[in-house]
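S.K.: Protein chains in written order, with this note's numbering: chain A, 1 to 394; chain B, 1001 to 1476.
Just so it is clear, CB atoms sit at the ideal spot from N, CA and C, and this is done for glycine as well.
Right, I'll just put the structure down here and ask away after.
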Amino acid sequence: MEGIKDRVAIIGMGCIKFGENWEQTIDDMIIDAVYEAYDDAGVGPDDIQAAWWGSVWAGETAQIAASPLKLGYIPFTHVENACATGSEALRGACYAVASGVVDIALAVGAEKLKDTGFMGLPQVRPIATWSYRVPSDTPPAEFAMMATGYFAKHGLSVEEGKKLLAQIAVKNHHNGSLNTKAHFQREITLEMVMNAAIVAYPLGLFDCCGVSDGAAAAIVTRADMATKFRPDPIYIKAATICQGPHEGFLSQNYDFAHVEETKRAGLAAYKEAGIGNPREEISCAEVHDCFTITELTIYEDMQFSRPGQAGDDIQAGTFGLDGILPINTDGGLKCFGHPVGASGLRMMYEIYKQLQGKADKRQVKNPRLGLTHNQGGAPGTATVSVVIAGNELD
Amino acid sequence: MVGITSYGAYVPLYRLNRVEIGRAWDIPAAPGERAVANYDEDSLTMAVEAARDCVRGIDTESIDGLFLASTTSPYKDKQAAATIAMVLGMNRESLTMDFSGSLRCGTNALRAAVDAVRSGSASSILVIASEMRLGHPAGANEISFGDGAAAVLIGSKAVIAEVEGSHSIYEELQGFWRSDRDLFVRSAEDRFIVDVGYNKVVPAAVTGALKKFNLTPKDFSTCVLYVPSQRQVGALVKRLGFDPKTQSKDTLFSSVGDAGSAMPMMSLVQALEEAAAGNRIMLVAYGNGCDVFSLKITNDIEEVKVKDKMGISRCLESKKMLSNYNRYLRWRELVTVQPPARPPIEYRLPGPQALWKENEKELRLRGTKCKKCGTPQYPPQRVCVNCRAKDNFEYCSFLDKKAKVFSFCHDHLMATIDPPVTVAVLDFEGGGRMLTDMTDRDPAECKVGMSVEPTFRKLYYVGGIYNYWWKCRPAR
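Right under this line is the structure:
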């Protein structure tokens, strides 16, 4: 088992402004993201040999992306892994290049969520796997139960717990305010978070990420070819995804205070990348802050904080732009927005720019390794992708 | 000897002070309170609760009949008794029947069950009566009605109340009725119902019964009489020659409300809870005629009394007051509230094929227990979540298991009749975990570690289909 480390490089990326893109169709968004990536890599549609399309709700087959892009009758694969779909598209492209079957591959993800006419994510009915006898809940509820579980496990009152979470929202809003492509670009205060309307108790409005339209794309090639395209390619050090066996909903062993799939995906990625001390070695990370509690538990599950000590790190500002490990420098899902199929690629877009030193006001100092953590599903039954990238070959 | 071998009852947790109805409409309201089934309850779910109370500790495989009486069954054309028999895990060869059509359908079912057991065509029949009727808003019926259910098990072994005799008469009379186009119960003019209905029909039936039984009112320790009026019950008991002070119990009109066809059986259960060996009870139920029964209490009544039952008495003690009348309107969907900005419920329209496939596990709350490592799991798993043993399990039921809340939340985003939806992760005593909704709860009182128990509820109604499943509620 050789792993993917240093075999694949990203040579171009594109990401449109996320938000309520009333005037754009999904075709517009796909084209804008992919052509930004073409320009960035200095390639065109004729150079793409295979492509991966990530979207949960846009529709069936990769026609959705192939049609606007007019690629030349090449393999185009539609992937879906809930909110981890964007990372899954990137992983597909990377694996294809690493296998040697193709030299240049495209990954693109997009979602048009604001045309549904209602709040939150769409709800659809799968045919074979759907049980009609299921609890009536929405994604905020599924994650709110992890907040209740974490508070209970660590003896925090709801007030104390919510104060910790609020600081994550304030941090991500600050980062988002520095990012012209973010859905929300407004600073918020701790009081605003604490006094916000409840969406799913104990989580309030500012504990929840935005529902957005958006698209992002990446072009990958063989590591040994990468510098032919640009002087500063970004090398994939690990690209893994972990599917849980639904254990948290079936077994009393699960504590609803962490995400086992995050822990395991982290371990696998660190092993693949040869990372022993993530807190020291990772320069910056984009993590799946669909809700503030998710980001808090990621700190511990990804070994950025010691078990039970995420709160201390939050108070110390460890994960702020000036901290020792800046997290969600682009505003995260909270502020950049969450067009589901695009999010994993959006995360990598920020890491890519950071590692190239092109992150403007959000630039972290001397970055070497960046990480994306992209989660689908809910605490207890999740799908977690972790991708690690670096600006140097080992 | 044929008679009642066990009993059970169900009164929903919520009560509405009738003053609230009067206040809402600026009309005088009768004193007392009425029971209000939660938005996720109906006659079928309440029948399940009463039946569970009745058969607690009894092997349901040993029961070979289930009769459900209700004028408010969720379906006009689909048997509710079969659903309940499936929920209770009854023998497939049981006789299931729905009784309906009048205030008397509860005692109609009772008489049919007694006759069936007496004839030898069945050995043991569970008879349930359950009602959730609607009166017109701002009308007298809305104020007087209440929701509830009761169940009795009829058999010939270990009888606690022998049915010594039964007598019935019919009367064609438009007293209380609801046509196939009506949502609300209609009633004729009061004086007409009293004079021609109660005062002619009931005495005729009781006189005929006493003659047939060769008994007099003095031979009875209690007369349980139902006509849909608290005042007229008192007057009739007296007129029939019973002493209202010693031979009549407190009626449930002021605590539950008029539960229609369920009322005679609920009152009978209340009487059984207080009865002693040797007592004789007369049961009289009015509705397009009148059914009369004579029941004699046996020594075995003490065996049933010691069982852990809710009965009427504990149900009455366990209650929460509805804060206002608007909640009632909302729960019954009698007002159109602003719909949430969420996907329409149609996306959850269940296919009959999918529902049927889930019957065993979902209606019976049945899981698996791994034979290799012993881990209980819900819903059933062919590959064990703990040790991955394949197809090496036995089925187990979580239906009567207590549980503790491991985590929970209140979802304000989910579209529901009465937000927020409280979702909870339950850990069952003895193992097993379940994710489900919590009902009958005060959001402010929900805590990690609180004790809850499974309760059968309606998840939602869409496309002509009522979808039922198990929620949890704080232990009552």
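Got a sec, what are the start and stop residues for the alpha helix (DSSP H) A:HIS246 sits in?
M.R.: For the purposes of this step, residue 246 of chain A is taken as residue 246 along the first sequence, with counting starting at 1. Element bounds for A:HIS246: n/a, residue is neither H nor E.
S.K.: Please name the residue, chosen from B:SER1397, B:PHE1398, B:ALA1403 and B:CYS1370, that lies closest to B:ALA1389 on a Cα-to-Cα basis.
M.R.: Here the question's residue 1389 of chain B lines up with position 389 in the second sequence. Among B:SER1397, B:PHE1398, B:ALA1403 and B:CYS1370, the Cα nearest to that of B:ALA1389 is on B:CYS1370.
S.K.: What residues in the segment 188-200 of chain A bring their beta carbon closer than 7 Å to a beta carbon of chain B?
M.R.: ILE198, VAL199 and ALA200
S.K.: Using a Cβ-Cβ cut-off of 8 Å, state whether A:SER157 counts as contacting chain B.
M.R.: As a position in the first sequence, residue 157 of chain A is number 157, starting the count at 1. Cβ-Cβ to chain B under 8 Å: no for A:SER157.
S.K.: Which of the three DSSP states, helix, strand or coil, is assigned to B:THR1416?
M.R.: In the second sequence, counting from the first residue as 1, residue 1416 of chain B sits at position 416. Reduced to three states, the DSSP call for B:THR1416 is coil.
S.K.: Can you list the beta strand (DSSP E) stretches of 3 or more residues lying completely in the segment 234-273 of chain A, in chain order?
M.R.: 234-243
S.K.: Are the segment 193-203 of chain A and the segment 326-339 of chain A touching by the rule of at least three beta carbon pairs closer than 8 Å?
M.R.: no
S.K.: Which runs of the beta strand (DSSP E) at least 3 residues long sit entirely within the segment 1-61 of chain A? Give them in chain order.
M.R.: 8-15 and 50-54
S.K.: Would you call the segment 367-377 of chain A and the segment 279-293 of chain A in contact, with 3 or more CB pairs under 8 Å?
M.R.: Per the Cβ contact rule, the segment 367-377 of chain A is in contact with the segment 279-293 of chain A (3 or more Cβ pairs under 8 Å).
S.K.: Does any CB atom of chain B fall closer than 8 Å to the CB of A:GLN252?
M.R.: Start at 1 with the first residue of the first sequence, and residue 252 of chain A comes out as number 252. A:GLN252 has a beta carbon lying within less than 8 Å of a beta carbon in chain B.
S.K.: Check the Cβ-Cβ distances between A:GLN123 and every residue of chain B, and say whether any is below 8 Å.
M.R.: For this step, residue 123 of chain A is matched to residue 123 along the first sequence. So yes, A:GLN123 belongs to the interface.
S.K.: Nearest chain B C-beta to A:PRO140 closer than 8 Å, yes or no?
M.R.: Within the first sequence, the letter at position 140 stands for residue 140 of chain A. Yes, its Cβ sits closer than 8 Å to a Cβ of chain B.
S.K.: Identify the contact partners of B:TRP1469 in chain A, using a Cβ-Cβ distance below 7 Å as the criterion.
M.R.: Translated into the one-based positions of the second sequence, residue 1469 of chain B becomes position 469. Those within 7 Å of B:TRP1469 in chain A are ARG133.
S.K.: Buried or exposed: which applies to A:ALA316, given that a residue is buried once 16 or more other Cβ atoms fall within 10 Å of its Cβ?
M.R.: The count along the first sequence starts at 1 and reaches residue 316 of chain A at position 316. Exposed, by the Cβ-count rule.
S.K.: Would A:PRO326 and A:SER212 be called neighbours here (beta carbons separated by less than 8 Å)?
M.R.: Counting from one through the first sequence, the residue named residue 326 of chain A turns up at place 326. Counting from one through the first sequence, the residue named residue 212 of chain A turns up at place 212. No; because the gap between Cβ atoms is not below 8 Å, this pair is not in contact.
S.K.: Beta-carbon separation of A:ALA41 and A:ILE16 under 8 Å?
M.R.: In the first sequence, residue 41 of chain A corresponds to position 41, counting from 1. In the first sequence, residue 16 of chain A corresponds to position 16, counting from 1. Not in contact: A:ALA41 and A:ILE16 (Cβ atoms no closer than 8 Å).
S.K.: May I ask you to verify whether the segment 1154-1173 of chain B touches the segment 1199-1216 of chain B, counting CB pairs closer than 8 Å and requiring at least 3?
M.R.: yes
S.K.: Could you spell out where the beta strand (DSSP E) holding B:SER1451 opens and where it closes?
M.R.: Position 451 of the second sequence, counted from the start, is the residue given in the question as residue 1451 of chain B. Where B:SER1451 is concerned, the enclosing beta strand (DSSP E) stretches over 1451-1462.
S.K.: Give me the subset of the segment 238-265 of chain A whose CB atoms are less than 7 Å from a CB atom of chain B, sorted by chain position.
M.R.: PRO245, GLU247, PHE249, LEU250, SER251, GLN252 and PHE256
S.K.: Starting from A:PRO379, trace the beta strand (DSSP E) in both directions and tell me its first and last residue.
M.R.: What you label residue 379 of chain A is simply residue 379 of the first sequence in a count that begins at 1. Premise fails: A:PRO379 is in no beta strand (DSSP E) and is neither H nor E.
S.K.: Going along chain B, which residues have a C-beta under 9 Å from A:ALA382?
M.R.: As a working note, residue 382 of chain A is residue 382 in the first sequence. Going along chain B, no residue has its Cβ under 9 Å from A:ALA382, so there is no contact; the nearest lies around 14 Å.
S.K.: Give, in chain order, every residue of the segment 103-123 of chain A whose Cβ lies closer than 7 Å to some Cβ of chain B.
M.R.: The segment 103-123 of chain A vs chain B, Cβ under 7 Å: PHE118, MET119, GLY120, PRO122 and GLN123.
S.K.: Buried or exposed: where does A:GLU187 fall if 16 or more other Cβ atoms within 10 Å of its Cβ makes it buried?
M.R.: The count along the first sequence starts at 1 and reaches residue 187 of chain A at position 187. Exposed is the call here.
S.K.: Is A:THR85 helix, strand or coil when you go by DSSP?
M.R.: As a working mapping, residue 85 of chain A is identified with position 85 in the first sequence. Residue state, collapsed to three classes: helix.
S.K.: Check whether the Cβ atoms of B:ARG1015 and B:ALA1030 sit closer than 8 Å, and answer yes or no.
M.R.: In the second sequence, the residue the question calls residue 1015 of chain B occupies position 15. In the second sequence, the residue the question calls residue 1030 of chain B occupies position 30. No, these two residues do not count as a Cβ contact at 8 Å.
S.K.: In terms of DSSP beta bridges, what is B:CYS1409 paired with?
M.R.: Locating residue 1409 of chain B in the second sequence gives position 409, counting from the first residue. B:VAL1423.
S.K.: Is B:SER1255 helix, strand or coil by DSSP?
M.R.: On the second sequence, position 255 is the one that residue 1255 of chain B refers to. Coil, per DSSP.
S.K.: Considering Cα atoms alone, identify which of A:LYS114, A:VAL79 and A:VAL101 is closest to A:VAL8.
M.R.: If you number the first sequence from 1, residue 8 of chain A lands on position 8. The shortest C-alpha separation from A:VAL8 is found at A:VAL101.
S.K.: Between which two residues does the beta strand (DSSP E) harbouring A:ASP313 extend?
M.R.: Residue 313 of chain A sits at position 313 when you count from the first residue of the first sequence. First-last for A:ASP313: 310-316, but that is the alpha helix (DSSP H), not the beta strand (DSSP E).
S.K.: Could you tell me which residues DSSP pairs with B:MET1310 in its beta bridges?
M.R.: Here residue 1310 of chain B refers to the residue found at position 310 of the second sequence. Note: B:MET1310 sits in no beta bridge, so no partner.
S.K.: Apply the 10 Å Cβ neighbour rule to A:TYR73 and answer buried if 16 or more other Cβ atoms are within range, or exposed otherwise.
M.R.: Mapped onto the first sequence, residue 73 of chain A falls at position 73. The residue is exposed, with fewer than 16 neighbouring Cβ atoms inside 10 Å.
S.K.: Go through its chain and collect everything with a Cβ distance to B:THR1251's Cβ below 6 Å, but skip five positions before and after it.
M.R.: Within the second sequence, residue 1251 of chain B is the residue found at index 251, counting from 1. Closer than 6 Å at Cβ, skipping near neighbours: GLN1230 and VAL1233.
S.K.: Return helix, strand or coil for A:ASP289, following the three-state DSSP convention.
M.R.: Locating residue 289 of chain A in the first sequence gives position 289, where the first residue counts as 1. Three-state result, A:ASP289: coil.
S.K.: Since B:VAL1227 and B:LEU1236 should fall inside the 8 Å C-beta cutoff, what is the C-beta to C-beta distance between them, to a whole number of angstroms?
M.R.: Residue 1227 of chain B sits at position 227 when you count from the first residue of the second sequence. Residue 1236 of chain B sits at position 236 when you count from the first residue of the second sequence. At roughly 6 Å, the Cβ-Cβ gap stays under 8 Å, so B:VAL1227 and B:LEU1236 are in contact.
S.K.: Within the chosen definition, does the segment 1313-1330 of chain B reach the segment 1107-1126 of chain B through at least 3 CB pairs nearer than 8 Å?
M.R.: no
S.K.: Between the C-alpha atoms of A:GLU2 and A:ALA98, what's the straight-line distance to the nearest angstrom?
M.R.: Residue numbering aside, residue 2 of chain A sits at position 2 when the first sequence is read from its first letter. Residue numbering aside, residue 98 of chain A sits at position 98 when the first sequence is read from its first letter. Here the C-alpha atom of A:GLU2 lies approximately 10 Å from the C-alpha atom of A:ALA98.
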